[in-house]
Structure formats: C-alpha cells, structure tokens
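Numbered by our numbering, the letters in the sequence shown go through residues 36 to 126 in order. First comes the structure, then the notes that go with it.
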Amino acid sequence: MEGKRIEGVLFIDHNTGRLTFKGYNRKTSKREKDVIVKKLPWGWVKESMQRIKVFGSFPKDMGSAAVMGLMDDHNRSAKNAMIERELIEFC
Numbered sequence: 036m037e038g039k040r041i042e043g044v045l046f047i048d049h050n051t052g053r054l055t056f057k058g059y060n061r062k063t064s065k066r067e068k069d070v071i072v073k074k075l076p077w078g079w080v081k082e083s084m085q086r087i088k089v090f091g092s093f094p095k096d097m098g099s100a101a102v103m104g105l106m107d108d109h110n111r112s113a114k115n116a117m118i119e120r121e122l123i124e125f126c
C-alpha cells in the first residue's frame, strides 16, 4: 500500500512487550446517493456527483433487431431527459 497513511498510535504493549499499532476510529465518509433524473421504460437516467449514469435492461426473448431498436429509443429518451433537466435547471 504505497503512499497510504493511517492515523493512529504506535506503542509497546505492556503485557506482551510487542510493538502494537492501534488505528484511530475515524468516521467513514458517506457517499451521496445518486439523484434519479428520469425513469425510462427499460431503465433509468441518474446523476451522481461526478457522472451521468444511464442503465437499460432489455428482454432476451425479443430478436436482435428489436433489441437494437429499443436501445436506440432508450438512448434517445435518455438524451431528451438530460435536455429537459438542463432546461428546467437553467430557465
């Protein structure tokens, strides 16, 4: 773990006589939950602090051509959701 530091206490244990490290119990950082921009028919669009996430899940029983068409529609809907969010946010 090159370059990592852990705050704590390094001491010689009186009972065992061995060098002991006891790390401080620091509060772990809480990651903010992603904000859902729009729920789509086959997935969702979410916004995190650093990324825009698009998820799509399509049924297997459809043919390849139908799934590719659904993927195009899904991406178009995700783009429209992002445009709507920008318009609402800045107008």
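A virtual CB, placed ideally from N, CA and C, is assigned to each residue, including glycine.
- [ ] My understanding is that A113 touches V70, with C-beta atoms under 8 Å, so please give their C-beta distance in whole angstroms.
- [x] Not confirmed; about 15 Å, so no contact.
Task: Straight-line gap, V89 to T63 (C-alpha atoms, nearest Å) - done: 28 Å
- [ ] Alpha carbon to alpha carbon, how far is R66 from W77? Give it in angstroms, no decimals.
- [x] 26 Å
Open item on the list: In this structure, how does DSSP classify K114 when only helix, strand and coil are distinguished?
Closed with: helix
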